[in-house]
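Chains as they are written, first to last, in my numbering: chain A, 298 to 945; chain B, 16 to 376; chain C, 4 to 104; chain D, 3 to 171.
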């Protein structure tokens, strides 16, 4: 084996550095300058540098992927479990995505969270989150993956409920936690099935077993769908998407990092990791594709009417995640991961930009903003870059990845999906134009807020600028630099039917969306209001997010609570009154009898023995006279006897 | 003048043979010659304090811009002799409340070990009375007995100031004994012997043929050891700046308040004998004993070198006394336990590292 | 000079120590008597070492431990005596009897 | 047989036993302590006689230079003026004498049975400090470390017991 560089053989340090900083900040952060924030930033910066180094080595060919290392973890019976590091295209790109966004968000938070309480804890959670995400990304087996997955879920829960003084934040945290848990249940079942069938968690070994007949196509189908449940939960796909909009209760940097760029993408990554199963069971891929398509369309429509800037972005995130899932579903493994990468850059940018805006005007409601470009130029420009990228404006990074997805959908003959995808692209452009115009252009709608708005500090704008540059050029870099083909190579990529018409339709729908949006929202806003009135049924449906929350409430939460109440009544009236009270009565009767016996029989014996002991003790206490040397005298006597006994 | 060590040894042999030849049993002759040797040592050590007292008064005088004693003899050189005679002829007072026997024995207990301690000191080539293998430990152990004398003096006087002085003095001496012993440990580690003579002999070498390989010249460890040893020796002898136990202005005169005449002289003798002993030890341990510097060819005999260096150290003692202010009793203790003790441990560790390094390179 | 001489001497010292422990009223006296007993035992150890096993030094090593432990014992014992003295203003063993039956 | 060691032995024995008797009989605790100091010194002499030079020095250093001084401290701190006038033996002194005598007699008797006439193997007395050092850091390493822990515990214990809590407040 060729000389492998130190950084590669110690790749496990990439997640461990943030873990170390998390532990230190948790326990000693209080005494560190800036509450240990710089420590977290330093750790993630180191991880970032290591990731870049690894990427460079892969690109110049000095490191051949996949590169795997593993160490024994524990063993259960005959099954050894390992933890390990698997470096291949997806994991390296994810490493970069996670470390970059995490690094920028941590820098950004220095400014954004500056006055927040529990600053130290925030950084500790961020570091812990980064650790779990990186651990997941580097995992070479499902178990380690699952551990990272769950720790990440816990961190997400902590951070959503970070401002737990507000009830909404607490409730949102619970909702997120429980909803994703539902998906994880499927994931867990999938894991058990995998282990039951294959007997190992290691990705490579599983892949080897897939083709030697250990796993029947049926079994693969079941496993693929079960594991996909996890993705649905974590990546907020229909029908488990409800938690993500609510998760916007968390601080904005958290939304950017966890609920836009990294954690929610883990679901996509999971599907990518489970791809061998899907490859065996194409039916499952169809399910995936349609779930993704539905989600993409569904979320995009809701985003059209949302008034909260973060909600718009949240639905947009769901929609884009739908795109990625869609891409994977139609066989566009590379396209999905490519979109994941570019999306991470511009969605993090958009969230951080929104955070900057919120920081300035102290509200989330877009109708209370307007014309902010006059006050915050940097934010506007950078946000505009993100907006273009998300809308798929030609030659921005969103354009390349989205194009690739739609191209794949068309090229593999999924025409319905392609059509819906194009329509979603149109909607995306439309709602993003709406959001951008309402926030930054037009007339200031609330004078006070407008007057007090100001540009954010350096620590917030610099990450924005970095991400803006990435949003614009990343797609081009990866596409024309051949990174996509090199890093996301998959053994059996589908044959694509090239079609310029498809490309034109896709681009055209995006541009049309931009145009329509500009017409509607740059002009007189009253037309928009009128439109809403004309289409009020649809509008209301969208504003109420298709009543999904209400339906869930009626279908699941209410019955559960009613059942709980019924059980409570049963517990109180039946179990308590008959069993517990009845037993109580019997016990009392028994104890009365016992008490009589106790008084007359047992106590008599006790008193009697007590009397005997007292009398004997009175004799014995004379020996214990508190005169130590007297005791010693007796000891000496014993000693003399012993020696004498030995002699004679 | 030449080396007198072999000469003396020859003399003793001759003396023993002569005595044996004149009807004295061999054992008796042996004991007799030992007694002669011991007598010589005791006599010369008894003379040392007289010199030291004179030196002290003169040094004090010069440091304070005075002349010091000038009346008795040329330059007052017979002053201490006169003082000694005076002390010897004074009335021997035993206070009424005193514990009589303890009062009488105390000065002897304080003084006798000081003389015993000189047995293994290598005054020059062949001038070690008893070359004990454990001589360093022996000196520390025996000089520790003097502390008992101090306590006896404090107790036996039947005077609460004396008792307080005795307690303080003993506490101080016991405390400083620890870093003092520990400061010598690096030497024992380094030279692998506890014999003072052995250590002194081991230092008779040169770096690059020029710089003497005395322990004081070993970087860091030598200096730390020496400084700690010197400070502790000053404290052991209850001298300024560590003289809180007998501070004239605070405790009358500490444990020897009630002692007069010859008994006081014995305490006095003990103090100066210990100053001399500490200086001699320092020379043997840190300054190569009788190793000459400038004229290595033996032009100046080793014992002159030894005594010369010893008096240099003695001068440092006197110098300290007239330079530093007195320390408070709590400062004294915390200085010992919180400064000297940790640093002597550090020094031991450093020396260990040094030895390991030396063994591996 | 035989081993028996030393053993007899140490037995006598030990018995004197026992007598002291049994009869001294003063706790300090008891502690001193205990030291006597320790030393008697130490003489035994060194003597056995010298006469029976001159090839090694285990006896002497053991004595070092005894001396060390005696120091520990003395220090703790004496600080206890001081603490008791502060409380009941007495160092007599028969006064320390608040736990008697 | 009169030679130097036996002269020394008998002299030392008389001294040791005499001073030991003073230790247990003296009315003045300070005198007891002084006598004990003497006894310990003589024991050091015995050690030297038995070829244990390092041990002799250690005995003097630790016992005389350390333990006895602390003991004298406590004696000085805890004595009251009338102490020296009080009887210093308790009511069981007669039993004490009897028992001590019994112990001595039985010990000597049993020693005589087993060890009578064991004379020294003729060996040169060699310096013992280096071998003892090797022994302590070699075969006796575990007890050596354990003893260091015991000393630490004693140190802490002495500080805890010794501090005057009322005065500290």
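All residues carry an ideal CB built from backbone N, CA and C; glycine is no exception.
Interface with chain A (7 Å Cβ-Cβ cutoff): residue 77/C is excluded. Membership of residue 603/A in any beta strand (DSSP E) is not indicated, and neither H nor E is assigned to it by DSSP.
Using a Cβ-Cβ distance cut-off of 8 Å, the region 683 to 702 of chain A and the region 804 to 822 of chain A are in contact, since at least three pairs of beta carbons, one from each stretch, lie closer than that value.
Bounds of the alpha helix (DSSP H) holding residue 18/C are 6 to 26.
Beyond the five residues adjoining it in sequence on each side, residue 845/A comes within less than 7 Å, by CB distance, of 539 in the same chain, given in chain order. At least one beta carbon of chain A lies nearer than 7 Å to the beta carbon of residue 100/C.
If you look at residue 383/A, you'll find it in the beta strand (DSSP E) that goes 376 to 384. With respect to chain C, the C-beta atom of residue 153/D has a partner C-beta closer than 7 Å. The Cβ neighbour count for residue 52/C, taken over all protein chains shown within 10 Å, is at least 16; the residue is labelled buried.
Residue 128/D is classed as exposed because its beta carbon has fewer than 16 other beta carbons within 10 Å across all chains shown.
In this structure, the beta-carbon distance from residue 365/A to residue 383/A falls below 7 Å. Nearest C-alpha to residue 13/C among 5/D, 105/D and 69/D: 105/D. About 6 Å separates the beta carbon of residue 308/B from that of residue 227/B, a gap short enough to meet the 8 Å contact definition. Closest in alpha carbon position to residue 700/A, among 774/A, 799/A and 738/A, is 799/A. At least one beta carbon of chain C lies nearer than 7 Å to the beta carbon of residue 142/D. Taking residue 41/D as reference, the option from 62/D, 68/D and 51/D with the minimal CA-CA separation is 62/D. DSSP lists 29/C as the bridge partner or partners of residue 95/C.
Chain-order list of chain A residues neighbouring residue 97/C: 924, by C-beta distance under 7 Å. For the 7 Å CB-CB criterion, residue 669/A and residue 750/A form a contact. Within the region 11 to 41 of chain C, 11, 12, 14, 15, 16, 17, 18, 19, 20, 21, 22, 23, 25, 26, 27, 28, 29, 31, 32, 34, 35, 36, 38 and 39 place their CB atoms closer than 8 Å to a CB of chain D, listed in sequence order.
The straight-line gap separating the alpha-carbon atoms of residue 629/A and residue 525/A is approximately 16 Å. Not flagged as an interface residue toward chain C: residue 12/D, since no C-beta distance is shorter than 7 Å. When secondary structure is reduced to three states using DSSP, residue 744/A falls in the helix class.
A contact between stretches requires three or more CB pairs, one per stretch, nearer than 8 Å, and the region 228 to 235 of chain B fails this requirement with the region 174 to 190 of chain B.
By DSSP's assignment, residue 716/A forms no beta bridge with any residue. The CB of residue 91/C never comes closer than 8 Å to any CB in chain D; the least such distance is about 11 Å. If you draw a straight line from the Cα of residue 45/D to the Cα of residue 945/A, it comes to about 32 Å. In the structure shown, residue 364/A adopts extended strand secondary structure according to DSSP, grouped into three states. If you look at residue 144/D, you'll find it in the alpha helix (DSSP H) that goes 143 to 164.
Unbroken alpha helix (DSSP H) runs of no fewer than 4 residues, entirely contained in the region 297 to 340 of chain B, are found at 317 to 336, following chain order.
The DSSP-derived three-state label of residue 92/D is coil. Rounded to the nearest angstrom, the Cβ distance from residue 761/A to residue 639/A is 17 Å, too far for a contact under 8 Å.
Between the region 393 to 401 of chain A and the region 638 to 656 of chain A there are three or more C-beta pairs closer than 8 Å, enough to call the two in contact.
Only buried fits residue 278/B, as 16 or more other CB atoms lie within 10 angstroms of its CB. Among the residues of chain A, none has a CB under 8 Å from the CB of residue 26/D; the nearest is roughly 13 Å distant. Classified as exposed, residue 867/A has fewer than 16 neighbouring CB atoms from the shown chains inside 10 Å of its CB.
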